[in-house]
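Numbered according to our numbering, the sequence shown spans residues 18 to 410.
The C-beta atom is built at its ideal place from N, Cα and C for all residues, glycine as well.
All figures in this text were calculated on a predicted structure; none of them were measured in a lab.
Below: one structure, written as structure tokens.
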Amino acid sequence: MTTQENRSTILEYIFRHAPVARSTIAKKTQITPATVTSITGNFIQEGIIREIGSDETQGDSSPGRKKILLDIVPDRVYAMGVEFTMRHVRFLICSLRGISVFQTSALLETEVKENITEFLIHKITEILDRLPEISKSLIGIGIAVPGHIDPQQDKVTINSSTYPGFSGKELKNRLPFPIICENNVRCMAFGRYLFDKTSPETFAFFHIGLGMFCAMMKDSHLFQGTNYYAGEIGHTIVNPEGKKCECGKRGCLQTYCSETWLLKYCRLLYESNANTVLTSLKPSSEDLTIEDISKAFSLGDPQIGNYISTALKYLGITISNLAIIMNPDRIYLHCSLFSNKEISEELMDYIKQQLLFVDDPTDQTVQIVPYNPFEGPKGAAAYAIKNFYIDTI
18 MTTQENRSTI LEYIFRHAPV ARSTIAKKTQ ITPATVTSIT GNFIQEGIIR
68 EIGSDETQGD SSPGRKKILL DIVPDRVYAM GVEFTMRHVR FLICSLRGIS
118 VFQTSALLET EVKENITEFL IHKITEILDR LPEISKSLIG IGIAVPGHID
168 PQQDKVTINS STYPGFSGKE LKNRLPFPII CENNVRCMAF GRYLFDKTSP
218 ETFAFFHIGL GMFCAMMKDS HLFQGTNYYA GEIGHTIVNP EGKKCECGKR
268 GCLQTYCSET WLLKYCRLLY ESNANTVLTS LKPSSEDLTI EDISKAFSLG
318 DPQIGNYIST ALKYLGITIS NLAIIMNPDR IYLHCSLFSN KEISEELMDY
368 IKQQLLFVDD PTDQTVQIVP YNPFEGPKGA AAYAIKNFYI DTI
């Protein structure tokens, strides 16, 4: 490997495993102890990492001197992450440890979607003008996009009709910071990898929001695939006789499980004057939220219960198939609806039923992570740290 490759490999290992000794870094990365000692020494001089004391787990009876542990300097620089969806745009600035020092969100109106690039330039500039000290230490900005990015054009290839005005090139040309754009769920997966030391090197990150997507980390790298279809798990068929999806197929998973389709069903139910709890929760169908649907489920609304149970069954089948076919060390599930304990427990039961032939099928493999609306921008910031700090410093 080149010197830069060695530096990047060592620094990423410290990010993931600190506090860690030089000997451990050399063993795990297979970089010679002499090279590790030289590069970590340079990192310390440059203020990138620091020594934080000796390894107390060695014990006094261990031979030789105690190992000195290393860690990154977390507040040396900062990164910004931005995510826009059909409803919101969110901004976050965090340290190298993923600790947020600033975050805000705004509703995304129709006219803003048509001029999303101008809106982002304006808001990013406004935020950084208010934070001059952090702005001086900003290494770059990650943009989490609800779709796929054409790397040549820096434009959205899926959802392009929703965001016709988005241009990554325009952002790069007009903002004085390095900028990188990536799919929002791939950003979430990378953020989980970089900031969560307990995450394995190979895992799937399954996000359900207005749409749905499954990103894959494979041996510490984001799995790309040969085209933009990789990760589009919402368009796998779960019922060939099911509802027609906007993609043209019938019975896609997202027509049962995505927030968009769940809200569509519940609004139709509300407007049909059916005997539903929903009418007591909001004055009109357009005011309904996922939180209202979750509440209606907990209150025992039979129609909501039947619909969600069907969705969970199909989702459980899909997740168990993913576990069998891809066999990742872990599958992370991220969805606001899973904050409801009854719903999450029912889903886990469906998954266990599908994996009865596997020992301890869900104890370690499938994990519902606490829902965080800023998971996207946090992941985008992590992706900026990887590209503009770890890989280039």
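- Looking only at F223, F212, L211 and R203, the smallest Cα-Cα distance to F240 is reached by R203.
- Rounded to whole angstroms, K261 and H224 show a C-alpha spacing of 22 Å.
- Membership of G396 in the alpha helix (DSSP H) is indicated by the continuous run E392 to I402.
- Under the DSSP assignment, G159 falls in the beta strand (DSSP E) whose first and last residues are L155 to V162.
- When secondary structure is reduced to three states using DSSP, K261 falls in the strand class.
- Rounded to the nearest whole angstrom, the C-alpha separation of L86 and T54 is 12 Å.
- DSSP lists K235 as the beta-bridge partner residues of H238.
- Under the three-state reduction of DSSP, G70 is assigned to strand.
- 8 Å or more divides the Cβ of R107 from the Cβ of D88.
- In the DSSP assignment, V173 forms a beta bridge with I166.
- Straight across, the Cα-Cα distance linking A206 with A313 is about 31 Å.
- With contacts defined by Cβ atoms closer than 8 Å, I254 and C269 form a contacting pair.
- In this structure, E199 sits near A161, with a CB-CB distance shorter than 8 Å.
- Less than 8 Å separates the beta-carbon of F32 from that of I407.
- In the structure shown, V202 adopts helical secondary structure according to DSSP, grouped into three states.
- The beta carbon of R209 sits closer than 7 Å to the beta carbons of S216, F222 and Y349 from its chain, once the five residues preceding and following it are set aside; these are given in chain order.
- Per DSSP, the beta-bridge partners of E100 are R107 and A161.
- The region 116-143 is shown to contain whole alpha helix (DSSP H) runs of 4 or more residues at 127-131, in chain order.
- The distance from the Cβ of I307 to that of E276 is about 6 Å, consistent with a contact at the 8 Å cut-off.
- Assigned with DSSP and collapsed to three states, A313 falls in helix.
- In the same chain as T382, and ignoring 5 residues on each side of it, the C-beta atoms closer than 7 Å to its own belong to A340, R347 and I348, in chain order.
- For D236, the closest of T219, N244 and L227 by C-alpha to C-alpha distance is T219.
- Counted as a single uninterrupted DSSP element, the alpha helix (DSSP H) harbouring D366 occupies residues K358 to Q371.
- Its chain contains Y324 as the residues whose beta carbon lies nearer than 8 Å to that of Y282, once the 5 sequence neighbours on both sides are disregarded; these appear in chain order.
- Just so you know, the alpha carbons of M97 and I321 end up roughly 39 Å apart.
- By the Cβ-count criterion, P394 is buried, with 16 or more other Cβ atoms from all chains shown falling within 10 Å of its own Cβ.
- Cβ neighbours of K84 within its own chain (closer than 7 Å, five residues either side excluded): A38, S40, S71, D72 and Q75.
- The bridge partners DSSP lists for R267 are K261.
- When rounded, the separation of the alpha-carbon atoms in M18 and T409 is 14 Å.
- Ranked by how close their Cα comes to the Cα of F355, the residues M343, I334, V386 and V375 have V386 in first place.
- The shortest CA-to-CA distance from Y400 to any of L109, T243, V294 and K266 is the one to L109.
- Relative to K140, the option among P91, L192, K266 and T26 whose CA is nearest is L192.
- DSSP, read as helix, strand or coil, puts Q47 in coil.
- Residue state for A35 is assigned as coil, using DSSP reduced to three classes.
- In terms of CA proximity to T46, T26 leads the group I156, E63, T26 and V129.
- Membership of Y287 in the alpha helix (DSSP H) is indicated by the continuous run E276 to E288.
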